[in-house]
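Shown next, in structure tokens, is the structure this report addresses.
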């Protein structure tokens, strides 16, 4: 699922600014079925990364844990946590998910959000065992495999 036919790079400007136009970037399949992402930023030293995320109607994330906090702003649609459907996060809502949070978001009607991840996300099975991990490296790899040429900030400072 794409919105453009060729990659649009992030453009560094004077070493203190990076800018892009998310509406000109491709949606790529994300780590869960029915979800897509656009990589806006990654910082190898801190582990932070910034995404636009789109969920199809009916998409449900696997149970997962945030190793770092996540800040999100809902642009369209919304979602709720499977165990708390009475408290939806709809367009115009800001949310902060603490590091260590374990939950399972569900998007009945689809959604688009802007999200800043302060660390990776770990998939869990029903018993709480680790099934996978996605962080800045995973996103940069997938982004570049799709034909982009993104170099994270502070790559030489990453351990």
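Numbering (the numbering used here), first residue to last: 1 to 159.
Ideal Cβ placement from N, Cα and C applies to all residues, glycine included.
1) Do residue 179 and residue 138 have their C-beta atoms closer together than 8 Å?
2) What is the rounded straight-line gap between the Cα of residue 126 and the Cα of residue 17?
3) Confirm, please, whether the CB-CB distance from residue 121 to residue 106 is below 8 Å.
4) What does the alpha-carbon distance come out to for the pair residue 92 and residue 37?
5) Among all the DSSP beta bridges, which residues are the ones paired with residue 107?
6) Give a yes or no on contact between the stretch 46-54 and the stretch 78-88, applying the rule of three or more CB pairs nearer than 8 Å.
7) Roughly how many angstroms lie between the CA atoms of residue 32 and residue 61, to the nearest whole one?
8) In the stretch 84-153, which residue ranges form an unbroken alpha helix (DSSP H) of at least 4 residues, counting only runs that do not cross its ends?
9) Hey, residue 223 and residue 23: beta-carbon distance below 8 Å or not?
10) Is the beta carbon of residue 74 sitting closer than 8 Å to the one on residue 111?
11) Relative to the C-alpha of residue 77, which candidate in 98, 63 and 113 has its C-alpha closest?
12) Go to residue 74, then tell me how far its beta strand (DSSP E) extends in each direction, as first and last residue.
Quick look at the numbers:
1) Only positions 1 to 159 of the chain appear in this structure, which leaves residue 179 out of reach.
2) Along the chain shown, one-based indexing puts residue 126 at 126. Along the chain shown, one-based indexing puts residue 17 at 17. Distance between the alpha carbons of residue 126 and residue 17 is about 42 Å.
3) Numbered from its first residue, the chain shown carries residue 106 at position 106. Numbered from its first residue, the chain shown carries residue 121 at position 121. No, Cβ-Cβ distance for residue 106 and residue 121 is not below 8 Å.
4) On the chain shown, position 92 is the one that residue 92 refers to. On the chain shown, position 37 is the one that residue 37 refers to. If you take the alpha carbons of residue 92 and residue 37, they lie about 19 Å apart.
5) Position 107 of the chain shown, counted from the start, is the residue given in the question as residue 107. Its beta-bridge partners are 59.
6) no
7) Translated into the one-based positions of the chain shown, residue 32 becomes position 32. Translated into the one-based positions of the chain shown, residue 61 becomes position 61. Residue 32 and residue 61: Cα-Cα distance of roughly 6 Å.
8) 136-145
9) One cannot answer for residue 223 here, as it falls past the ends of the chain, which runs 1 to 159.
10) Looking up residue 74 in the chain shown gives position 74. Looking up residue 111 in the chain shown gives position 111. Yes, the pair counts as a contact, with Cβ atoms nearer than the cut-off.
11) Taking the chain shown and counting its residues from 1, one reaches residue 77 at position 77. Of the listed residues, the one whose Cα sits closest to residue 77 is 113.
12) Here the question's residue 74 lines up with position 74 in the chain shown. First-last of the beta strand (DSSP E) with residue 74: 70-81.
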